[in-house]
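One structure is given here, and the rest of the page talks about it.
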Amino acid sequence: MLRNRRNSITAPKKPLARHKNAAHARTRFTILDIIRMVCGLILIGFFAKQLIPGIFGRFWSRETTGEGPGIVPAYWRDYKLPLEFSHRQLRDYDGTRSDTPILLAIKGKVYDVTRKSGLYGPRGTYRQFAGADCSRAFSFSLWSMRGLRETCSDDLTGLSTEARQRVDEWARFFHERYPCVGEVKN
Numbered sequence: 001m002l003r004n005r006r007n008s009i010t011a012p013k014k015p016l017a018r019h020k021n022a023a024h025a026r027t028r029f030t031i032l033d034i035i036r037m038v039c040g041l042i043l044i045g046f047f048a049k050q051l052i053p054g055i056f057g058r059f060w061s062r063e064t065t066g067e068g069p070g071i072v073p074a075y076w077r078d079y080k081l082p083l084e085f086s087h088r089q090l091r092d093y094d095g096t097r098s099d100t101p102i103l104l105a106i107k108g109k110v111y112d113v114t115r116k117s118g119l120y121g122p123r124g125t126y127r128q129f130a131g132a133d134c135s136r137a138f139s140f141s142l143w144s145m146r147g148l149r150e151t152c153s154d155d156l157t158g159l160s161t162e163a164r165q166r167v168d169e170w171a172r173f174f175h176e177r178y179p180c181v182g183e184v185k186n
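Using the UniProt record's numbering, the letters of the sequence shown map in sequence onto residues 1 to 186.
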């Protein structure tokens, strides 16, 4: 009885029918299809940029022409550097206006951090450091979130030797990576 079932279940094998022009049956893309794909990729990139600050920052940010600390960005070429900034003037360079660079000050030195606008710009993680001298906030340890919550202050009095060393390390970090465009005057 089992043998009869097996035979009834299996059907005779038929050869698969092939298209006469199987080699020519490929999908063809028209110019309109290619334009749609490119536009779709651009839209996906745009939305990814909006959702994740800093992504594609190297390509779509308000980059300056300089890469290293020795190259002066194009915005500053008409000025005689180093410039002097008051705390009030420095606030104008916090990244909220697209026609001005983003400046950050530490220990009285002003650095142009515009090429990292994803970090220091209006939507960046370190936006509170832009347009101000927040030297005291850099005195906290790397893993302490207190430095991000503190109000900006350039007053370093009362800091321990270890905290002053951290500020010095951060000042060296900015000096090695960003062009210094001026100083904060008291």
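The beta carbon of each residue, even a glycine, is placed where N, CA and C say it ideally should be.
Just so you know, these numbers come straight off a predicted model, no measurement behind them.
The region 26-52 is shown to contain whole alpha helix (DSSP H) runs of 4 or more residues at 31-51, in chain order.
For F129, no beta strand (DSSP E) encloses it, and the DSSP letter there is neither H nor E. At least 8 Å separates the beta-carbon of I102 from that of A74. The distance from the Cβ of D112 to that of W76 is about 7 Å, consistent with a contact at the 8 Å cut-off. In the DSSP assignment, G182 falls within the beta strand (DSSP E) that extends over 180-184. Beta-bridge partners of L104 (DSSP): Y111, A130. Taking V110 as reference, the option from L119, M37, F85 with the minimal CA-CA separation is F85.
The three-state secondary structure of E150, taken from DSSP, is coil. Per DSSP, L83 is one residue of the beta strand (DSSP E) stretching across 83-85. S160 and K185 have their C-alpha atoms roughly 25 Å apart.
Taking 8 Å as the cut-off, the Cβ atoms of L119 and R136 do not count as close.
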